[in-house]
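*Asks:*
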Amino acid sequence: MILGGAALAVGMSGATTAMAQGAPQVTGKIEWGVWIDDDGCMHWWADGGLEGYMVPRRNPKDGKPVCLKRNTCLVENTDQLFATDSAQLTSHGRSRLQSFFQSAGAFGYAIYGHTDSRASDEYNMGLSKRRAAAVANVARSVGAHVEREIGYGERQPVASNNSAAGMQQNRRVEVVCYRW
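Sequence positions in the sequence shown follow mature numbering (1 follows the signal peptide of the UniProt record, and there is no 0) and run -20 to -1, 1 to 160.
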């Protein structure tokens, strides 16, 4: 019986040491912000170091969630922005995007990259992510706030990939604008 208690004490001592090495640092500072979900609804979040909290932002008058007017404000064929099989913007594409983000009038943006199905799924995912990041970088360069940038590869086609015309429609970047 005593041997079992000693083993338990040694085990607890080892666990305490392991926890101390990887323990989060508590600074007394609470970080907070607003997160916007895919539906455009806002959530308050706070993180104090050990645990975090998230609650939906609600309208105090009716208790309903506060959701933004979210609309797709730009769908641009990537053939107009990028060279084939590239995530490097053409000078014309960069200029067009700069003008768009400077005049769109939204307080936040979500950018989604898409491809056709010619390459492997893994390759297309990477290409669409790099293209979304390139567009997001242009937005940030003119002071726009990018909430999210996601590459979907070939997984969300808007047309059949069985024809050149369909594939061209699927090679696109969508920009969603968040407005009040």
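C-beta: ideal position from N, C-alpha, C; glycine also. Small disclaimer: the values here were computed from a predicted structure and weren't measured.
From V155 to V55, what distance separates their C-alpha atoms?
*Replies:* C-alpha separation (whole angstroms): 6 Å.
*Asks:* Closer than 8 Å is the cut-off here; do at least three beta carbon pairs connect the segment 104 to 118 with the segment 138 to 145?
*Replies:* Verdict: no, contact absent.
*Asks:* Would you report the Cα separation of S79 and V115, rounded to the nearest angstrom?
*Replies:* S79 and V115: Cα-Cα distance of roughly 12 Å.
*Asks:* Express the C-alpha separation of A139 and G73 in angstroms, rounding to a whole number.
*Replies:* Approximately 23 Å between the Cα atoms of the pair.
*Asks:* Identify which residue in G32, K41, T7 has its Cα closest to the Cα of V14.
*Replies:* That would be G32, whose Cα lies nearest to the Cα of V14.
*Asks:* In angstroms, rounded to a whole number, what distance separates the CA positions of V118 and L69?
*Replies:* V118 and L69: Cα-Cα distance of roughly 9 Å.
*Asks:* Does the separation of the CB atoms of Y158 and G88 fall below 9 Å?
*Replies:* In this structure, G88 lies closer than 9 Å to Y158 by Cβ.
*Asks:* Whole angstroms is fine: what's the gap from R111's alpha carbon to G29's?
*Replies:* Taking the straight line joining both Cα atoms gives about 34 Å.
*Asks:* Can you tell me the Cβ-Cβ gap for D96 and M147, rounded? I've got them flagged as a contact below 8 Å.
*Replies:* The Cβ separation is near 4 Å, so the contact holds.
*Asks:* Whose CA, out of R120, W24, H94, lies closest to the CA of P137?
*Replies:* Among R120, W24, H94, the Cα nearest to that of P137 belongs to H94.
*Asks:* Could you give the uninterrupted runs of the alpha helix (DSSP H) lying entirely in the segment 36 to 116, keeping only those of 4 residues or more?
*Replies:* List check, alpha helix (DSSP H) in window: 71 to 83.
*Asks:* Run the CB neighbour count on M135, radius 10 Å, all protein chains shown included, and call it buried at 16 or more, exposed below.
*Replies:* The residue you asked about is not Met; residue 135 is Arg in the sequence shown. Burial call: exposed.
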